[in-house]
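Quick notes on the structure that follows.
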Amino acid sequence: MGSLRAAWIVALVAAMCAAPRAQAQDVTLTARDGEIEISGDLLGFDGEFYRVETIYGELTVDGSGVLCEGPGCPSLEDYVARVSISGAPVMGRVLLPALIEAFAIRKAYDVERLETDGNTLVYRLFGDGRERPAGEFTLRLPNTEEGFADLLANEADIVMADREIRSEELRHARQAGLGDLESKGRSRVIALDALVPVVSPSNPVQGVTPAELAGVLSGDIANWSALGGPDAPIAVHLRDETSGLGQATEDRLLAPADRGLAAGAQRHGTSRALLEAVTQDPFALGVTYRSETGEALPLVLEGSCGFAVQASRRAIKTEDYPLTAPLFLYLPARRFPKLVREFLDYLRHPSAQLVIRRAGFVDQAPEEIAISAQGDRFANAIAQAGPEVGLGELKRMMALLTPLARLTTTFRFEAGSARLDAQSRSNVQALARALEMGLYDARRIVFVGFSDGQGSAAANRDIAMRRAKAVRAAVLGGAETAQLDRLTVETAAFGEALPMACDDSAWGRKVNRRVEVWVR
């Protein structure tokens, strides 16, 4: 039986990537040594494994250990690796197509693109002069909410999401046997974007605070004069409530302020329609993605204490910009064909990060920022230092950081929680992989904790140190195969000594609560 077990991989599963049951056909799988024979209805074949409904239940069998006989047996030579991906148009129109085409070039496939309708794209990959494709990627572009609905209805294999999965979607996925879509390996951030307030180029207002922006969206601020502009009513424009962008806008801007959307706000079915409305009206304000600003003018996010930040690539990577928007792929607990698995692995490759940048999004490749390029940060630290942060503490901080460079990999926490936010959870996995690959061998890594200014300076340093140690433990815990004796890993904390935003708002305090990574 030992040879048989080595040849067969059998597992009971509730949901796998497969053909519908209506297409099931009789097959007989016989072990190559002839010892065991299993008959049943073929439910699916992914190029490597058969999934069969038998008298023993549903079984998954390694194709390399069996011979298949019967009318349902697939042709191994003509097998096509198919995957259906559904969800956010902001990902499916440009980002995923660019990555599929780059992957095909890397793997020496020819690509054929078909647009079956305005919301469906099909990419077929051909290799070795074959007339039949080796793989087929179908991209459906309704919205994030519909993407999750397609997954639950077995009409999609992967979801493109421009927001985090919601609790009811998570619960339904578990009930459908798709696994925990929030667990490691089931949720993956593939690129970064940001929510940005935009106005017409003819609008004289250049910036807005997050609190003012929430006030505008809720209708509490209704005239441009309250923002330093002309005496004119503000026309608010947002995406529709079923879109990921519309939902993220309410979740990120209105919910934290415990406000509802203004009754007169205009909703749009597409980002293009929203941008056209904003650019044509000098008194309009909208919220869109950084990757989709078009001719509209993005506003700078300001703070009452003098801080201001633009949605630059670097500020989004570090989450110094408070409205970063990770773009997710959600993967159910099912086995994908080999070609699809290779594509998912490619998304982490450095060349894929370059494709992401060229497509107009923000990649996740870590960058090192020399301390000489961070003058504004340290000038703000001195200007905003509270009475409990003296010159001695600033000198201690500078003595540690001056020989080092800051990584754009930063860790921040969900509001009112010790749990890392989605972008930071992705950063844990990325940094752990980098350590396993030896990219930081012979180097010094310091996890540096910072806090907001609420409470005493001593207590804030303690809190910041605990967070730094927790992030260090999470990263090292994820780097299971890393040879940690080849590098130096330390922790440090400076509490409220280096604020990134004003402490007089929940937005600013969230930005200030962070763990940075510094390297030498």
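In this note's numbering, the protein residues as written are 411 to 930.
Backbone N, C-alpha and C fix where the C-beta goes; we use that ideal spot for every residue, glycine too.
Inter-residue distance for R584 and S836 is about 22 Å (C-alpha atoms, whole angstroms). For secondary structure counted as the beta strand (DSSP E) over 3 or more consecutive residues, the stretch 798-861 holds these complete runs in sequence order: 815-822, 854-860.
Per the coordinates, the alpha-carbon of F771 lies some 47 Å from the alpha-carbon of P481. I631 sits buried, since 16 or more C-beta atoms from the chains shown fall within 10 Å of its C-beta. The C-beta separation of C715 from D914 comes to about 7 Å, placing the pair in contact by the 8 Å criterion. When the beta-carbon positions are compared, V618 and V646 stay at least 8 Å from each other. For E900, the enclosing beta strand (DSSP E) begins and ends at 898-905.
The alpha-carbon of T526 is positioned some 45 Å away from that of N633.
Annotation for R550: no alpha helix (DSSP H) segment contains it, though the beta strand (DSSP E) segment containing it runs 545-550. DSSP places M910 outside both helix and strand once states are collapsed to three, so it counts as coil.
Scanning its chain for C-beta atoms nearer than 8 Å, with the 5 sequence neighbours on each side dropped, one finds around L684 the residues H647, L648, R649, H678, G696, T698, in chain order. Ranking F536, P909, R573, A721 by CA distance to the CA of I515 puts F536 first.
Here P543 has V490, E522, R534, L535, F536 as same chain residues with Cβ atoms under 8 Å from its own Cβ, once five neighbours each way along the sequence are excluded. In its chain, beyond the 5 residues on either side, K594, G888 have a beta carbon closer than 8 Å to the beta carbon of Q839. Per the DSSP secondary-structure output, Q784 pairs with nothing in a beta bridge. Taking a 10 Å sphere around the C-beta of T728, we find 16 or more other C-beta atoms and assign the residue as buried. DSSP places A583 inside the alpha helix (DSSP H), whose first and last residues are 577-585. In the DSSP assignment, M875 falls within the unbroken alpha helix (DSSP H) covering 867-888. One alpha carbon belongs to M807, the other to L623, and they sit about 34 Å apart.
Scanning its chain for C-beta atoms nearer than 8 Å, with the 5 sequence neighbours on each side dropped, one finds around V500 the residues D572, D603, G654, L655, S681, Y699, S701, E702, L737, in chain order.
A571 sits in a strand when the DSSP states are folded into three classes.
In the DSSP assignment, no residue is bridged to D641. Boundaries of the alpha helix (DSSP H) harbouring A683: 681-689, taken from the DSSP string.
In the three-state reduction of the DSSP assignment, F746 falls in the coil class, being assigned neither a helical nor a strand state. For the options S474, V437, I568, C483, the alpha carbon positioned closest to that of G497 is the one of I568. Residue pairing for C478: DSSP places it in a beta bridge opposite L439. In the DSSP annotation of this structure, T891 is not part of any beta strand (DSSP E), being labelled neither H nor E. Take the alpha-carbon of L749 and the one of A718: they are about 45 Å apart.
Of the other Cβ atoms in all chains shown, fewer than 16 fall within 10 Å of the Cβ of P614; this residue is therefore exposed. L439 and A842 have their C-alpha atoms some 41 Å from each other. Here K594 is bridged, per DSSP, to S597. Between the alpha carbons of F746 and L754 lies a gap of roughly 10 Å.
Contact between F693 and P643 holds: CB atoms are separated by about 6 Å, below the 8 Å threshold.
From the listed residues G545, V927, A667, the smallest Cα separation to R822 is found for V927. Judged by their CB atoms, I575 and L551 are not nearer to each other than the 8 Å cut-off. Taking one beta carbon from each stretch, the stretch 556-570 and the stretch 655-673 have fewer than 3 pairs nearer than 8 Å; the two do not touch.
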